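Read through the structure below, which is laid out as structure tokens, and then see the notes.
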């Protein structure tokens, strides 16, 4: 993938997404000792950066593929993003969800025009059900992150951030399946001026941290983290990009995540989900190393259940 | 007061405040049927528009007055705003607070450099204590809203909004003591193009609604509203401006306030306090009248206790 792939992607999806604002906070700058620029993907359509990758992936399909629809298995933001971007583009979206998914998530998918196909709550059932829909409907399977078109789409957030602030020395992003940070690292490589990309990852699901050490994909035996958007492991397409272009991953514990989340809520007056607080938590944990640096932080999303907050 | 008073005020305070962003929401536009522009004073320094009026009022003092400090009685946003603006300007701030004020509010005033003087929790005690500080310290009393310099300061939010969006046909603002809506109505009168200003007020503290009907200041016997920033009655300086320049006041009940608050939290991903949701609640209540209009809404502040949310 090259620089032109990224700029082409940005141009292709521009009319379907928001160019999100970059906010700053005098107080969080004081707390961190650095000069922070928050790219607010929590203000993105549907409330998360996933709109970028989903839109781009659909737009790459042929007219015949589009006419038969798309399918994914997800109970998170990608399910909603694929539903809404498909709806915007006049494409049918089939969303395979485990039967025990929260009603609020099912409702959101329906609101955005997605058709839900329920399956038993195991990974094997999800995959088999998605395969069945591909066969029966001729729908194209789109993976939430392990897909080059999705990665390029997610990278446009950092591309916009670097257009607004070309002299960032670091960009911090969260690491789940790796789509966002892979795209971010490509944008920093091609468009930054010696801009280093650092990932933030919960200790509880630190497969990416371990994978960078071992040189091979790792799994998470358990996923006990409040950062529910970061539970998936890296994929075989996101991992090599991360190996090549991400400088390091800093791990944080659950208390550090909630403290950073609350700091952003209280001081910036914006709503972010726990996953979204992980990069700031990582920065604050090792803030001595980043004094006076000019740092971008990707705030990935703002979809939280207001009736069930961690504070 | 004239147009030049407002532009002078804006220039005077510019380097001490944030020029806050104006956000839009595709979904809330759909819900309302109008084209809404939210002026985000919840992103203002200290989290509320009150920084504008407090800063302006202090800047109008003589050097001798500044050297002796300022005093107010408040347990809300104005106490914090006066503390922080005084600190920014190297001026001492004495804040008279009732002894039963929540610790979190006392801590906030201290954090911003204000000196708290506690008094018994009656209005008479607050006034007497403030009088005593004026006598003992030579400090200048600044009223939270019934002060022309404060009113002009608060009006700069709407002035900025109209600079960004000159063709608004309406601006909605909340009504408490009237400083914000009085300033807003002056800005709309001098800088809008036939821009009508409408107030939102909780039924529970509807003294302004009644005052516009009776032609005389009214009182609130009780103040049982979640919109704790709107409990104070109009003052004799804010009322005549409101009589002249505010078109009408729409009253809303507590459920309508919380519904509007939740809509902004969930869909705009920003944190606003209950008082701040009142103008949107008022608009939604009578939305049929405002279809397809281009409407500004002043989001006044974002200081909420995250441990004690109404949902």
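Protein chains in written order, with my numbering: chain A, -9 to 301; chain B, -9 to 301. No residue lacks a Cβ here, since even glycine has one placed at the ideal position from N, Cα and C. Keep in mind the model is a prediction, meaning the values are calculated, not measured.
Less than 9 angstroms between CB atoms is the rule here; does residue i satisfy it with respect to chain B?
i	result
residue 16 of chain A	yes
residue 256 of chain A	yes
residue 297 of chain A	yes
Closer than 9 angstroms, CB to CB, is residue i near chain A or not?
i	result
residue 35 of chain B	yes
residue 248 of chain B	no
residue 252 of chain B	yes
residue 275 of chain B	no
residue 67 of chain B	no
residue 11 of chain B	yes
residue 301 of chain B	yes
residue 262 of chain B	yes
For residue i, list the residues DSSP reports as bridge partners.
i	result
residue 30 of chain A	A:289
residue 63 of chain A	A:86
residue 284 of chain A	A:25
residue 105 of chain B	B:84
residue 130 of chain A	A:60
residue 238 of chain A	A:188
residue 94 of chain A	BP columns for residue 94 of chain A are empty, so no partner.
residue 294 of chain A	Residue 294 of chain A pairs with nothing; no bridge assigned.
residue 12 of chain B	B:29
residue 38 of chain A	A:291
Closer than 7 angstroms by beta-carbon distance: list the chain B residues that pair up with residue i, in chain order.
i	result
residue 292 of chain A	259
Kindly list, in the order they appear in chain A, the residues whose Cβ is closer than 7 angstroms to that of residue i.
i	result
residue 32 of chain B	259
key: Stretch pair the segment 183 to 202 of chain B + the segment 234 to 250 of chain B: three plus CB contacts closer than 8 angstroms   = Yes, the segment 183 to 202 of chain B is in contact with the segment 234 to 250 of chain B.
contact_flag[the segment 11 to 19 of chain A, the segment 132 to 140 of chain A] where n(CB pairs < 8 angstroms) is 3 or more = Segments in contact, no.
ask   = With contact counted as at least three CB pairs below 8 angstroms, one residue from each stretch, are the segment 181 to 193 of chain A and the segment 205 to 212 of chain A in contact?
value = The segment 181 to 193 of chain A is not in contact with the segment 205 to 212 of chain A.
task = Quick one: which unbroken beta strand (DSSP E) runs of 3-plus residues sit fully inside the segment 154 to 208 of chain A? Chain order, please.
result = Within the segment 154 to 208 of chain A, the complete beta strand (DSSP E) runs of at least 3 residues fall at 160 to 164, 186 to 192.
query = Counting pairs of Cβ atoms below 8 angstroms between the segment 146 to 157 of chain B and the segment 259 to 279 of chain B, do you hit three or more?
reply = Counting Cβ pairs under 8 angstroms, fewer than three are found: no touch.
query = Taking the runs of the alpha helix (DSSP H) that are 4 residues or longer, which of them lie wholly in the segment 239 to 271 of chain B?
reply = Secondary structure remark: continuous alpha helix (DSSP H) runs of at least 4 residues inside the segment 239 to 271 of chain B, in chain order: 244 to 258.
query = With a cut-off of 8 angstroms, do at least 3 Cβ pairs link the segment 93 to 107 of chain A to the segment 61 to 78 of chain A?
reply = A contact is defined here as three or more CB-CB pairs under 8 angstroms, and the segment 93 to 107 of chain A meets this definition with respect to the segment 61 to 78 of chain A.
request  = Could you tell me whether the segment 49 to 62 of chain B touches the segment 24 to 40 of chain B, using the rule of 3 or more Cβ pairs below 8 angstroms?
outcome  = No contact exists between the segment 49 to 62 of chain B and the segment 24 to 40 of chain B.
ask   = Are there three or more Cβ pairs, one per stretch, closer than 8 angstroms when the segment 43 to 51 of chain B is compared with the segment -6 to 13 of chain B?
value = Cβ pair count under 8 angstroms is three or more, so yes.
message = Is it the case that the segment 109 to 116 of chain B contacts the segment 247 to 256 of chain B, given that we only count it when at least three CB pairs across the two stretches are under 8 angstroms?
response = In this structure the segment 247 to 256 of chain B does not touch the segment 109 to 116 of chain B; the number of beta carbon pairs closer than 8 angstroms is below three.
ask   = Do the segment 281 to 294 of chain A and the segment 282 to 292 of chain B touch if we need at least three Cβ pairs shorter than 8 angstroms?
value = With contact defined as three or more Cβ pairs closer than 8 angstroms, the segment 281 to 294 of chain A and the segment 282 to 292 of chain B are not in contact.
task = Count the C-beta pairs between the segment 177 to 187 of chain B and the segment 254 to 268 of chain B that are closer than 8 angstroms, then say yes if the count reaches three, no if not.
result = The segment 177 to 187 of chain B vs the segment 254 to 268 of chain B: no contact.
task = Check whether the segment 157 to 171 of chain B touches the segment 266 to 274 of chain B, counting contact only when three or more Cβ pairs, one atom from each stretch, lie closer than 8 angstroms.
result = Because the criterion of three Cβ pairs below 8 angstroms is met, the segment 157 to 171 of chain B and the segment 266 to 274 of chain B touch.
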